[in-house]
Amino acid sequence: MHRKLLTALLATLLFTACRKMESYENNPVPSAVAPDPVSATLQGTVLDETGAPAAGVTVRAGSRSATTDNNGHFRITGAALDRKASVVTAQKNGYFKAVRSFAATSGANEVRIKLIPRRSAGSFDAAAGGAVSLANGAQVTLPAGAVMLKSGGGTYSGTVHVYAAYIDPTAPDIAQTIPGSLMADDKDGRRVTLASYGMMSVELQGASGEALQVKTGQQATLKMPIPAARAAAAPASIALWYVDEATGLWKEEGTATKQGDSYIGTVKHFSFWNCDIGLNGSYLNLTLGTAGGAPIAHTIVWLSAPRPDGAFDFVYGFTDSLGQVSGYVPNGLPITLRLDNACGNTYHTQALGTFSQNTSLALSITPQQPALVTVTGTLLTCAGTPVTDGYANIRYGFSQAYVATNASGAFSVTLPLCPSWNEPVRVRGVDAGNIQQSAEMTFPVTGSSISTGPIAACGNIDYSFINYSIDGSDYRISTIRPGDTVRGYPVQYAQPALPGTQIAGSRSVANEFIYFSFENGSAQAPGTYPLRHIYVNGSSGPGTAAAGSTVTVTRMALQQNQYYEGSFSGTFTDGQNTTHTLNGTFRALRDRP
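Below, the structure written as structure tokens:
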């Protein structure tokens, strides 16, 4: 079932090159793409290497972040995205940092990410250099004295541990594991889509855990096997591309040559690397709705196109909360739309034609029922009045949607289903304004609609918060709001060297965030401690708290998944030498060991 969860890669095309690839290469390539920013919601699921939900993953989009729950879900609202190329990262100990790019829409964007384990491929002495190999023949080679510290530079001497993974572009789960999205900018800065012949991720680490990199002026050699299905069409020479983590786009840098069944090339730094041919394309924007006009939210979209050898390749994506999905598709090839439910069963196909320029299409879909279900209901407060500042959290299998209430407390959403799962739809109502929620209620799927009736959001919520006042203005950050984040964790101060604690929170609106740290040293108990650094609501640079500013801890988190609780007060001076008064209360879940 997990294998059917595909990632938001509508911006990706995995075209296998063949003997006729030259006809694509000689087409004019689009010019550089200008930014097209949009502030929108980003949500989705992160999976581990087995396809199971990955909890405790830190997901970032721009300046905002969230942590996946036990179902692998996350949600970030008010994220700074881009309609042409947005980037999201997912990070967890024991895995390579995942980087995903996509074309954002104005609704709640959906992504799926499968993490790649960060496993040791071998080690060698930096002074002597060496090579390590993976089971499939992929290889990393570094000459003698070619390694430096990633931070600060300088030649590194000692044991070099190499962490590497080969990524097969023909693997069944490539849509979930692929770095970026195969949307790329070539060496001239022009936007293209890529046809891949093999990818690798490589990281270097020192004996004491230091991050290492290829020394300036030196080069490492990568050997990447060519997938058997693409060997016959593989050109003698091919461009090398790496992922720019700031944009999520692949960047062209260098070439590799075909030697036997592999490509071999040299690189000046380590990242995700890819052997690819750039293809001409255009942006395609789709909006999917039912015959009655309701948007089809969070459904799997496949676009297929024929290869010149008669086979087919696909792009994948998820519609957002408004039924929208966007991405980069190849020019001049007939595109066919296919919609699948969560089981991977097709419920609609449609020919879309060919494209040679950016295009927007609105499509009316009439699926076989019950492939879609519309869930409606009303949320009420403990007093029986409509919940106007709240939402319904709706779950089905591994899918999850957050649906805001209107002025009457009503909510409605149309979602794709998987009938063979024989699972109910689960609904929980949340009253964000009064910090109350309902129990999770279940509703069997017996047709194309579910009416929950009135739901009383009237129960306690286990949540984190930071309530604070700065210069007399009050603010509240609370994890009962989708997109708000609050976290606490131990830190180590350098000067003077002593342990401390940091509390951090951010809201889903611009310039409402706070982090502060306090010096509790070796004390792991409630008490009053000096407030050290503070950064709040976009103040110019981290501020230094004045003497007498304190944090009073009423509950100390001794281990991960316990809560810090307390209050703080005092004054601080920001980077522009302006003094501010500050006070507040907090409850923050510790998210690190």
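As numbered in full-length UniProt numbering, residues 1 to 593 make up the sequence shown, in order. Even for Gly, the Cβ is constructed at its ideal location relative to N, Cα and C. Everything numeric in this text was worked out from a predicted model, so none of it was measured.
With fewer than 16 other CB atoms across the displayed protein chains lying within 10 angstroms of its CB, S522 is exposed. Contact annotation, G429 with G390: C-beta distance approximately 7 Å; criterion of less than 8 Å satisfied.
Between F270 and L222, the alpha-carbon positions lie close to 10 Å from each other. Taking all protein chains shown into account, N577 has fewer than 16 neighbouring C-beta atoms within 10 Å of its C-beta and is therefore exposed. The residue from A138, Q218, C418 with its alpha-carbon nearest to that of G154 is Q218. By the C-beta density criterion, G260 is exposed, having fewer than 16 other C-beta atoms within 10 angstroms. Of the residues assessed, T479 falls on the buried side of the cut-off, its CB having 16 or more other CB atoms within 10 angstroms. Distance check between A525 and each of Y563, I477, Y493 places Y563 closest, using alpha-carbon atoms only. With 16 or more other CB atoms across the displayed protein chains lying within 10 angstroms of its CB, K92 is buried. DSSP places P499 within a strand segment (E or B) once states are collapsed to three. Within the model, the alpha-carbon separation for Q436 versus V491 is close to 33 Å.
Beta bridge pairing from DSSP links P482 with no other residue.
The beta carbons of Q350 and N71 sit no closer together than 8 Å.
Under the three-state reduction of DSSP, P454 is assigned to strand. Under a 10 Å Cβ-count criterion, T159 is classified as exposed, with fewer than 16 other Cβ atoms of the shown protein chains found around its own Cβ. Bridge partners of W421 according to DSSP: none are assigned. For T528, the enclosing beta strand (DSSP E) begins and ends at 527-536.
The residues L149, K150, S151, E203, L204, Q205, in chain order, have a CB closer than 8 Å to that of A211 in the same chain once the five nearest residues on each side in sequence are set aside. When secondary structure is reduced to three states using DSSP, A229 falls in the helix class. For A54, the three-state secondary structure derived from DSSP is coil.
Runs of the beta strand (DSSP E) lying entirely within the stretch 95-143 and spanning at least 3 residues, in chain order: 98-102, 108-114, 120-125, 130-133, 139-142. Residue burial is scored here from C-beta neighbours: C382 has fewer than 16 other C-beta atoms within 10 angstroms and is therefore classed as exposed. At the C-beta level, P225 and S262 come within 8 Å of one another. Annotated as proximal: V551 and L531, with beta-carbon spacing under 8 Å.
Taking C-beta separations shorter than 6 Å and ignoring five residues to either side along the sequence, the partners of N136 in its chain run Y166, P225, following chain order. S157 and P330 have their C-alpha atoms roughly 47 Å apart. Close CB contacts of T41 within its chain, under the 6 Å cut and outside five residues either way in sequence, are with T77, A108 (chain order). In the DSSP assignment, D82 forms a beta bridge with P37.
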